[in-house]
Every structure is written in C-alpha cells, then in structure tokens.
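Asker: Once you've had a glance at the structure underneath, I'll fire off some questions.
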C-alpha cells in the first residue's frame, strides 16, 4: 500500500518501520474491534510466510 514509514512512537525500536497492510478478509483486533480491511502495523509484528517448495 506504500513505502514503509519510520516509526516515531516513543516505544518503537531504533530504526523500526510502520507498514500499511491490506487483509484478504476483514480482521478483528484483540479487543474485538473491527472488522478492519487495512491497518498500519509495526515492523516487529510482521513475519514473512515460508516460500513453498516447488
């Protein structure tokens, strides 16, 4: 959805980035809020999916 942005929050790690993500299906947050179609996520909470072997 765009280039990562520097995370300037006081609790951010040094050099941590923020990423906009779009969900395949709308998602709820841990507090039950939502459903959300997209969100801004701190880099520490993202992980790459394993690449399937051919």
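Residue numbers (our numbering): 965 to 1018. In this text, a Cβ means the ideal position worked out from N, Cα and C, and glycines have one as well.
Using DSSP bridges, identify the partner residues of residue 983.
Answerer: 1005
Asker: Whole angstroms is fine: what's the gap from residue 1014's alpha carbon to residue 976's?
Answerer: In this structure, the straight-line span from the alpha carbon of residue 1014 to that of residue 976 is close to 26 Å.
Asker: Rounded to whole angstroms, how far is the Cβ of residue 999 from the Cβ of residue 992, which I believe are closer than 8 Å?
Answerer: 6 Å
Asker: Identify which residue in 1003, 981 and 978 has its Cα closest to the Cα of residue 990.
Answerer: 1003
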